[in-house]
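J.:
Chains as they are written, first to last, in the numbering used here: chain A, 213 to 321; chain B, 251 to 799.
(1) Indicate whether at least one CB of chain A lies closer than 8 angstroms to the CB of residue 775/B.
(2) Considering only the beta carbon of each residue, do residue 560/B and residue 330/B sit closer than 8 angstroms?
(3) Kindly indicate the opening and closing residues of the beta strand (DSSP E) around residue 241/A.
(4) What does residue 607/B reach in chain A if we use C-beta pairs closer than 8 angstroms?
(5) Out of 288/A, 309/A, 256/A, which one is the CA nearest neighbour of residue 271/A?
(6) Return the residues of the segment 521-548 of chain B that lie within a Cβ-Cβ distance of less than 8 angstroms from chain A, sorted by chain order.
(7) On the premise that residue 367/B lies in contact with residue 471/B, defined as a C-beta separation below 8 angstroms, what is that separation, rounded to the nearest angstrom?
(8) Helix or strand or just coil, what does DSSP make of residue 266/A?
(9) Taking the straight line between their C-alpha atoms, what separation do you get for residue 576/B and residue 761/B?
(10) Do we get a CB-CB distance below 8 angstroms when we pair residue 645/B with the residues of chain A?
(11) DSSP has residue 410/B in a bridge; who is on the other side?
(12) Could you name the residues of the segment 610-625 of chain B whose beta carbon sits closer than 8 angstroms to any beta carbon of chain A, in the order they occur along the chain?
(13) Under 8 angstroms between C-beta atoms, does residue 657/B make it to chain A?
(14) What is the DSSP secondary structure of residue 754/B, counted as helix, strand or coil?
(15) Are residue 430/B and residue 334/B touching if we call contact CB-CB under 8 angstroms?
(16) Just to confirm the assignment, what range does the beta strand (DSSP E) spanning residue 306/A have?
(17) Taking a cut of 9 angstroms between CB atoms, which residues from the segment 234-263 of chain A lie near chain B?
(18) Straight-line CA distance for residue 225/A to residue 518/B?
(19) Less than 8 angstroms between CB atoms is the rule here; does residue 652/B satisfy it with respect to chain A?
(20) With DSSP as the reference, label residue 421/B as helix, strand or coil.
(21) Give the DSSP bridge partners of residue 257/A, in chain order.
(22) For a test of the three-state rule: what should DSSP assign to residue 743/B, helix, strand or coil?
(23) Between residue 383/B and residue 479/B, how many whole angstroms is the CB-CB distance? I'm expecting something under 8 angstroms.
(24) Classify residue 504/B as buried or exposed, calling it buried when 16 or more other Cβ atoms lie within 10 Å of its own Cβ.
(25) Which residues in the same chain have their Cβ closer than 7 angstroms to the Cβ of residue 707/B, if we skip the five residues on either side of it in sequence?
(26) At the level of alpha carbons, what is the spacing between residue 410/B and residue 483/B?
(27) Tell me, to the nearest whole angstrom, how far the beta carbon of residue 667/B is from that of residue 525/B; I am working on the premise that it is less than 8 angstroms.
(28) If residue 341/B sits next to residue 614/B, beta carbons under 8 angstroms apart, how far is it from one beta carbon to the other, in whole angstroms?
(29) Between residue 274/A and residue 239/A, how many whole angstroms is the CB-CB distance? I'm expecting something under 8 angstroms.
(30) Give me, in chain order, the residues of the same chain whose beta-carbon lies closer than 6 angstroms to that of residue 620/B; leave out the 5 immediate sequence neighbours on both sides.
(31) Which one or two residues does DSSP pair with residue 399/B in a beta bridge?
(32) Report back the beta-carbon spacing between residue 417/B and residue 385/B to the nearest angstrom; my notes put them in contact at under 8 angstroms.
(33) Out of 539/B, 295/B, 704/B, 453/B, which one is the CA nearest neighbour of residue 657/B?
Here is the structure:
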């Protein structure tokens with residue numbers, strides 16, 4: 213069981229979620245995050261003074277069985293990539309245990 | 251439930267339709283014909299409404315001239331009182347504009363505090379003004395003919411120096427009691443009170459995000475009861491600046507139609523003194539003194555507030571005739587809107603050309619700058635001058651913002667010192683340049699119309715300069731001393747940890763936005779750093795914590 217974290221452009225969220233749906237992944241957590249990357253350091257300008265601000269991004273979190281992880285990573289990258297700086301990251305993190313609160317069951321679902 | 255509502259709706263619709271149908275079918279095609287069958291006639295065009303029958307006379311067959319004249323006089327004053335009240339209501343709503351502008355330009359973590367200052371200044375200012383502010387300001391104006399006299403306001407305290415009389419403050423109208431229980435006096439109170447409150451709410455912007463609420467409350471009373479009434483008395487209450495013309499031959503004395511100096515410059519200069527004593531917000535300047543951007547949290551809110559202010563200005567300037575019967579209001583209103591538009595436009599051009607982007611916050615400052623500047627000269631200039639005055643103000647305000655921030659190193663989050671102080675001064679000076687000699691016959695007891703330098707009266711320009719200088723020196727000295735006094739007694743500024751956390755909970759006990767995780771908003775803590783000419787993130791430019799003083 214893996215946690216797949218996809219930090220993507222906010223406007224790419226619908227594409228990413230529909231791609232995940234096609235793979236049968238229905239449970240998705242979307243978090244609004246701000247941050248910056250190696251090459252994306254956006255500049256703000258307020259009353260004639262420039263400052264470094266953060267880029268708004270969205271983070272999708274998906275809990276997936278091991279055998280689906282490769283497909284998920286590929287699908288998210290294929291559907292969100294523009295080739296420009298600031299496309300984001302996909303991270304795969306092992307999960308020790310996971311529970312459904314309603315059913316008290318342990319597992320990916 | 252739903253079905254019953256539907257049935258009710260159908261019954262109601264049917265009843266309305268039935269009524270309408272019965273009317274249409276029975277109404278003859280002309281109103282006259284309807285009158286003929288015994289129904290009172292309506293007057294759809296209004297042409298027949300308001301006739302001799304509406305004049306109250308003892309014997310309708312033989313109305314006397316006195317009776318007719320009484321009605322005419324009553325109506326004339328009624329129009330003026332209506333006008334003064336309605337425009338006063340518009341100016342009252344400018345409080346909402348100020349609240350939105352100041353809160354939008356500052357951070358979310360202080361929004362309840364900034365909003366509360368703008369809210370409470372209305373209540374605090376009004377009570378102080380009722381106690382003694384109004385009396386000191388207008389108690390010796392010597393009557394206001396267009397409002398039916400307001401005769402009880404007839405006692406000015408003056409001193410004699412070098413054979414000249416100097417009016418200092420009024421003596422009648424404390425608590426609006428005694429013989430000042432009068433419709434004209436009360437009407438004037440409402441109008442003057444909302445003007446005073448405009449001046450009182452200006453410093454809350456320049457001093458936002460670090461001012462103790464208790465110190466602000468004391469400030470509100472001091473502004474409403476002492477400083478504003480004194481300066482306003484000198485200009486509008488028959489005080490010594492108004493009589494510079496009569497006593498010293500300087501034009502018509504210091505002329506300020508609606509308050510570029512009396513309202514805006516007083517507020518702006520008080521804001522400057524306050525911001526200096528208070529010191530900059532934590533993280534506003536780097537160790538080397540470079541200004542750091544602290545973006546406002548809600549630009550749409552600030553622009554909405556600006557529009558509300560521009561709307562309220564239609565009360566501010568045209569209302570200052572105190573007379574709906576003075577048809578110069580048409581010119582005043584148009585000059586006002588033109589100057590605001592010119593200010594916004596030149597501010598946009600300047601920022602766009604110099605910094606590559608128009609910058610919404612400067613657009614707002616630009617429009618307000620134009621409006622502030624035209625406030626004094628609005629009744630005395632033509633439309634070309636109005637556009638020029640507003641256009642100059644739009645650029646002047648930006649230069650002033652940069653001067654205050656980069657040269658004086660004073661932190662004014664909303665640009666109040668520049669918008670109201672600098673452009674208020676420009677407004678009264680511009681009157682001394684551009685007044686075209688069409689309006690203002692007999693102004694301040696000096697015969698002839700008001701003419702500026704470019705129209706041949708250099709002494710009017712001199713009077714404007716004296717007024718501007720007096721305003722700066724008097725208001726700055728008063729408020730600098732006042733804030734220093736508060737500093738050693740009550741304290742002006744919140745502790746550093748309160749400022750970092752945000753003032754909402756520690757000062758007010760409630761958050762503006764409890765349901766949201768607020769971003770840093772502030773450069774403190776390394777969320778942002780200045781960029782002027784240095785590589786991004788250069789450590790020497792990191793803002794410093796705790797450089798408040």
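No residue lacks a Cβ here, since even glycine has one placed at the ideal position from N, Cα and C. Please read all numbers here as calculations on a predicted model, not as lab measurements.
T.: Taking the structure as given:
(1) Confidence at residue 775/B is low in this model, with a pLDDT of 39, below 50, so its placement is unreliable and the value that follows should be read with caution. Cβ-Cβ to chain A under 8 angstroms: no for residue 775/B.
(2) With respect to residue 330/B, residue 560/B sits apart: the two C-beta atoms are not nearer than 8 angstroms.
(3) 241-247
(4) 257
(5) Closest option to residue 271/A, Cα to Cα, is 288/A.
(6) 541, 542, 543, 544, 545, 546
(7) Rounded, the Cβ-Cβ distance is 14 angstroms, inconsistent with contact.
(8) coil
(9) 48 angstroms
(10) Not an interface residue.
(11) 415/B
(12) Correct list: 611, 612.
(13) no
(14) helix
(15) no
(16) 301-306 is the span of the beta strand (DSSP E), which, as asked, contains residue 306/A.
(17) 246, 253, 255, 256, 257, 258, 259, 260, 261, 262, 263
(18) Straight-line Cα distance between these residues: approximately 48 angstroms.
(19) yes
(20) coil
(21) 262/A
(22) When DSSP states are grouped into helix, strand and coil, residue 743/B belongs to the strand group.
(23) 4 angstroms
(24) buried
(25) 501, 701
(26) 17 angstroms
(27) 7 angstroms
(28) The Cβ separation is near 19 angstroms, so there is no contact.
(29) 7 angstroms
(30) Excluding sequence positions up to five before and after residue 620/B, its CB lies within less than 6 angstroms of the CB of 589, 590, 592, 593, 640, 643, 644, all in the same chain and listed in chain order.
(31) 394/B
(32) Not confirmed; about 14 angstroms, so no contact.
(33) 539/B
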